[in-house]
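J.: Once you've had a glance at the structure underneath, I'll fire off some questions.
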Amino acid sequence: MAQETMSFQAEVKQLLHLMIHSLYSNKEIFLRELISNASDAADKLRFEAIENAALYENDPTLRIRVSFDKAARTITLDDNGIGMSRDEAVSNLGTIARSGTKEFFGKLSGDQQKDAALIGQFGVGFYSGFIVADRITVETRRAGLPASEGVRWESAGEGDFAVETIERAARGTTITLHLRPEEDELLSSYRLKSIIQKYSDHVALPILMQKEEWDAEKSEMVAKDEDETVNQASALWTRAKNDITDEQYQQFYQHLAHDHENPLAWTHNRVEGRSEYTQLLYVPARAPFDMLNRDHRSGLKLYVKRVFIMDEAEQLLPSYLRFVKGVVDSSDLPLNVSREILQESRDVKAIREGVTKRTLSMLEELANAEDDAGKDKYKTFWNEFGQVLKEGVGEDSANRERVAKLVRFASTHTDTAEQNVALADYVARMKPEQTKIYYVTADTLQAAKNSPHLEVFRKKGVEVLLLTDRVDEWMLSYLNEFDGKPLASVARGDLDLGALNDEEKEAQEKVGEELKPLVERMKEALKDKAKDVRLTFRLTDSPSCLVADDGDMSGYLQRMLKAAGQNAPAAQPILEVNPEHALVKGLHAENADFADWCHLLFDQALLAEGGSLDDPASFVKRTNALLLARAG
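Sequential numbering of the sequence shown, starting at 1, is according to the UniProt record's numbering.
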């Protein structure tokens with residue numbers, strides 16, 4: 001087929017401009033990305049060859065070869081992986097299929113090292129070749145296609161590319177980078193080897209380069225007619241832990257996760273018993289931009305007897321641990337295992353349970369660290385992944401208690417906005433006569449701190465947890481108690497402080513009897529708004545507050561569901577009024593504006609808890625009329 005010229009997709013043009021003009025100082029990433037792509041191509045061939053061994057075409061030894069030509073000023077990467085057909089070359093090298101393209105550009109920060117790390121995460125590593133090359137030539141043939149269906153793809157990275165059909169005997173892909181004039185320092189065996197060993201040492205394929213030796217007569221290195229492997233070329237997880245350094249674990253993580261930062265923690269062990277498998281699990285230091293999206297693709301790399309099977313095998317981890325990166329290599333699963341089989345396999349369920357417990361143990365070690373560095377690591381973990389881990393309280397009944405111990409909250413005990421209070425810490429600080437763990441939910445930390453429901457707790461010096469994450473209300477529907485202590489919302493039901501309030505009960509009951517007629521009249525005035533009206537002694541400064549009846553949905557949860565576009569069951573709140581407040585003391589049933597005062601107390605309480613008024617104009621009009629009457 002004759003050569004055909006095509007235009008790049010608009011996003012690719014943006015990306016090429018970024019590569020050429022913005023990431024120059026971190027240019028060595030190009031080799032990391034191209035080697036990573038070659039490794040993926042080998043993994044895909046292994047996977048497809050499980051069903052069709054003929055794809056190996058009498059060349060079963062997979063490898064990557066890197067070479068350079070000083071005279072031609074080129075660097076070439078050659079692999080014998082799956083290769084590409086003409087349509088695949090046009091699609092893979094001319095467009096970005098990933099739906100997160102816009103998010104990719106939105107995440108760019110101007111920090112070259114961080115921006116470079118995003119390239120691998122978003123699957124656009126091929127284009128990094130244009131950082132050092134002003135022209136790239138790709139020759140490829142898909143395994144299983146005849147030699148006459150080879151493909152040559154070429155572009156100068158300026159908006160279009162050319163494609164033509166060629167004769168190519170070997171399957172796989174050869175990428176030739178025609179270097180920019182200022183990139184001659186890359187035309188060095190030493191330089192290329194150092195980059196490979198820095199970024200790609202743990203690629204589980206041999207990376208070959210032509211062997212060189214020192215020629216004393218010429219006083220220079222000269223090439224020999226043989227190759228040498230320049231990386232470890234063995235799967236890191238198959239080696240003994242004692243033979244692996246922390247730096248090697250960290251380098252493997254960076255390769256695995258396309259992350260420029262080191263992980264917070266990792267665990268590596270071999271499990272024997274009903275199911276035999278090796279697991280190497282990492283906790284990253286940073287969450288991806290779409291971490292809170294439950295459709296976020298996640299999971300571990302699955303191998304069977306060291307043969308790559310699939311990326312993002314989400315069946316190996318519960319959803320609330322979707323931030324974990326790593327590898328599971330099973331000795332028991334069949335090589336032709338599919339995602340559907342994974343859903344039903346008893347072996348996979350055993351692996352999932354084991355991986356979950358191992359991950360929780362890793363997090364417990366971080367959470368229980370005594371040194372400042374360890375404490376800082378758990379603080380970093382919680383800030384990045386805490387909201388996701390909270391999902392485990394509801395999702396994982398078998399490990400609910402373990403997850404609950406790992407959860408952290410903000411609290412009235414500290415002045416900071418940080419969520420650093422464990423439930424065990426709260427229980428240890430409880431007053432001797434206190435029987436419950438108290439909490440308040442709100443849209444923001446400031447709203448939680450200023451909630452009128454906290455007034456009596458401040459007065460009595462009782463700690464209250466401040467819950468402001470969207471997942472908290474849902475989580476608490478599963479977390480009823482901790483360490484034998486029930487959790488109680490300060491904004492729900494008729495507040496019973498038990499022994500904390502024994503001394504004041506008699507006086508409160510007397511006031512309740514005296515104001516009974518007033519309360520009955522208020523119920524009548526607010527019958528369309530409030531489920532009930534009653535006196536409260538939970539307030540010290542505010543005149544009123546709203547609470548949800550036992551069994552009813554809280555106002556906070558109703559607002560959250562409404563904001564998410566869901567229908568929340570309508571449940572009227574209960575208005576509680578403070579008999580010690582001047583506005584309530586001055587309220588008399590015979591007043592002509594009695595109903596207006598009742599509505600004002602209700603609306604104030606609704607605003608104080610973060611709610612919105614159905615009719616703000618009427619609220620303003622009513623408030624102004626009452627103020628003018630008082631002033632007059």
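C-beta atoms are modelled at their ideal positions from N, C-alpha and C, and glycine is treated no differently.
For T444, which residues from the same chain have a beta carbon less than 7 Å from its beta carbon, with the 5 sequence-adjacent residues on both sides left out?
T.: Sequence index remark: in the sequence shown, residue 444 carries index 444 (1-based). Result list for T444: T468, in chain order.
J.: Between A617, E344, S39, which has its C-alpha nearest P206's C-alpha?
T.: Walking along the sequence shown from the start, residue 206 turns up at place 206. Selected option, being the one with the closest Cα: S39.
J.: Taking the beta carbon of V620 as the centre, do at least 16 other beta carbons fall within 10 Å, making it buried, or is it exposed?
T.: Taking the first residue of the sequence shown as 1, we reach residue 620 at position 620. Looking at its Cβ environment, which holds fewer than 16 other Cβ atoms inside 10 Å, V620 is exposed.
J.: Around the Cβ of M221, are there at least 16 other Cβ atoms within 10 angstroms (buried) or fewer (exposed)?
T.: Looking up residue 221 in the sequence shown gives position 221. M221 is exposed by the Cβ-count criterion.
J.: Should the segment 153-164 be called in touch with the segment 185-202, which here means at least 3 C-beta pairs below 8 Å?
T.: Segments in contact, no.
J.: Considering only DSSP beta bridges, list what M6 is partnered with.
T.: For the purposes of this step, residue 6 is identified with residue 6 of the sequence shown, where counting begins at 1. F161, per the DSSP bridge assignment.
J.: What number of angstroms, rounded off, separates the C-alpha of A97 from the C-alpha of I50?
T.: As a position in the sequence shown, residue 97 is number 97, starting the count at 1. As a position in the sequence shown, residue 50 is number 50, starting the count at 1. For A97, the predicted structure reports a pLDDT of 49, less than 50, and the residue's modelled location is therefore unreliable. A value from the coordinates is still provided. Each residue's alpha carbon lies about 27 Å from the other.
J.: Start and end of the beta strand (DSSP E) containing P517?
T.: Within the sequence shown, residue 517 is the residue found at index 517, counting from 1. First-last for P517: 516-525, but that is the alpha helix (DSSP H), not the beta strand (DSSP E).
J.: Could you tell me which whole alpha helix (DSSP H) segments of length 4 or greater appear in the segment 407-445?
T.: Here the runs fully enclosed are 423-429.
J.: Does the segment 391-399 come within contact of the segment 317-330, defined as at least 3 CB pairs closer than 8 Å?
T.: Yes: the two stretches touch, three or more of their Cβ pairs being nearer than 8 Å.
J.: Restricting to runs no shorter than 4 residues, where is the alpha helix (DSSP H) found entirely within the segment 580-622?
T.: Complete alpha helix (DSSP H) runs here, min 4: 582-585, 594-608.
J.: Between the C-alpha atoms of E276 and L300, what's the straight-line distance to the nearest angstrom?
T.: On the sequence shown, residue 276 is found 276 positions in, with the first residue counted as 1. On the sequence shown, residue 300 is found 300 positions in, with the first residue counted as 1. Going from the Cα of E276 to the Cα of L300 covers about 17 Å.
J.: Provide the residue span of the beta strand (DSSP E) that contains L280, from first to last.
T.: For the purposes of this step, residue 280 is taken as residue 280 along the sequence shown, with counting starting at 1. Segment 277-283, the beta strand (DSSP E) holding L280.
J.: Hey, would you say L465 sits closer than 8 Å to F409, going by beta carbons?
T.: One-based indexing of the sequence shown puts residue 465 at position 465. One-based indexing of the sequence shown puts residue 409 at position 409. Result yes, Cβ atoms of L465 and F409 sit closer than 8 Å.
J.: Going by DSSP, what residue range makes up the alpha helix (DSSP H) through H255?
T.: For the purposes of this step, residue 255 is taken as the residue at position 255 of the sequence shown. H255 -> alpha helix (DSSP H) spans 246-257.
J.: For G100 and A605, I'd like the C-alpha separation in whole angstroms.
T.: Within the sequence shown, numbered from 1, the residue matching residue 100 stands at position 100. Within the sequence shown, numbered from 1, the residue matching residue 605 stands at position 605. Residue placement at G100 cannot be trusted, given a pLDDT of 45 that sits under 50; what the coordinates show is reported in the next sentence. If I take the Cα positions, the gap works out to 43 Å.
J.: Can you check which of these residues, A398, E433, K516, Q446, is closest to D415 by C-alpha distance?
T.: As a working mapping, residue 415 is identified with position 415 in the sequence shown. The shortest Cα separation from D415 among A398, E433, K516, Q446 belongs to Q446.
J.: Can you name, in chain order, every residue of its own chain whose Cβ lies under 6 Å from the Cβ of L236, other than the five neighbours on each side?
T.: In the sequence shown, the residue the question calls residue 236 occupies position 236. So the qualifying residues of the chain are H202, F252.
J.: Could you have a look at K305 and say whether DSSP puts it in helix, strand or coil?
T.: The residue labelled residue 305 in the question sits at position 305 within the sequence shown. Correct three-state label for K305: coil.
J.: Return the residue from the list A287, F289, H268 that minimises the CA-CA distance to L281.
T.: As a first step, residue 281 is located in the sequence shown; it is residue number 281 there, counting from the start. Closest by alpha carbon: H268.
J.: CA-CA distance, W474 and L607?
T.: The residue you call residue 474 lines up with position 474 of the sequence shown. The residue you call residue 607 lines up with position 607 of the sequence shown. So the two alpha carbons sit approximately 23 Å from each other.
J.: Hey, E57 and R142: beta-carbon distance below 8 Å or not?
T.: Stepping through the sequence shown from its first residue, residue 57 is reached at position 57. Stepping through the sequence shown from its first residue, residue 142 is reached at position 142. Not a contact, by the Cβ cut-off of 8 Å.
J.: Taking 8 Å as the cut-off, does the segment 372-383 touch the segment 241-261 (at least 3 CB pairs, one atom from each stretch)?
T.: The segment 241-261 vs the segment 372-383: no contact.
J.: For the alpha helix (DSSP H) that N383 lies in, which residues bound it at each end?
T.: Reading the sequence shown from its first residue, position 383 is the one you call residue 383. Start and end: 372-395.
J.: Are the beta-carbon atoms belonging to residue 635 and A491 less than 8 Å from one another?
T.: Outside the shown range of the chain (1 to 632) lies residue 635, about which nothing can therefore be said.
J.: Which residues bound the alpha helix (DSSP H) around R152?
T.: Looking up residue 152 in the sequence shown gives position 152. It is not in any alpha helix (DSSP H) - R152 instead sits in the beta strand (DSSP E) that spans 150-155.
J.: Just tell me which of S397, S451, L177 has its CA closest to the CA of N480.
T.: Sequence index remark: in the sequence shown, residue 480 carries index 480 (1-based). Measuring from the Cα of N480, the nearest candidate turns out to be S397.
J.: If I follow the unbroken alpha helix (DSSP H) through residue 633, where does it start and stop?
T.: It is not possible to answer for residue 633, since the shown part of the chain is limited to 1 through 632.
J.: Kindly list the residues whose CB is nearer than 8 Å to the CB of A41, restricted to its own chain and excluding five residues on each side of it in sequence; keep chain order.
T.: Locating residue 41 in the sequence shown gives position 41, counting from the first residue. Cβ neighbours of A41 beyond the five flanking positions: D79, G81, I82, G83, G172, T173.
J.: How many angstroms separate the CA atom of H581 from the CA atom of A570?
T.: Taking the sequence shown and counting its residues from 1, one reaches residue 581 at position 581. Taking the sequence shown and counting its residues from 1, one reaches residue 570 at position 570. Approximately 30 Å between the Cα atoms of the pair.
J.: Is V511 buried or exposed, if buried means 16 or more other CB atoms sit within 10 Å of its CB?
T.: Taking the sequence shown and counting its residues from 1, the one referred to as residue 511 is at position 511. The residue is exposed, with fewer than 16 neighbouring Cβ atoms inside 10 Å.
J.: Give me the Cα-Cα distance between I574 and V327, rounded to the nearest whole angstrom.
T.: Residue numbering aside, residue 574 sits at position 574 when the sequence shown is read from its first letter. Residue numbering aside, residue 327 sits at position 327 when the sequence shown is read from its first letter. Answer to the nearest angstrom: the Cα atoms are 53 Å apart.
J.: Under 8 Å between the Cβ atoms of I437 and A488?
T.: Within the sequence shown, residue 437 is the residue found at index 437, counting from 1. Within the sequence shown, residue 488 is the residue found at index 488, counting from 1. Yes. Within cutoff.
J.: Can you tell me whether R141 is helix, strand or coil according to DSSP?
T.: Locating residue 141 in the sequence shown gives position 141, where the first residue counts as 1. Residue state, collapsed to three classes: strand.
J.: Determine the closest residue to V138 out of E312, T176, E609, L601, with distance taken between C-alpha atoms.
T.: Along the sequence shown, read from residue 1 onward, the residue named residue 138 stands at position 138. The option with the nearest alpha carbon to V138 is T176.
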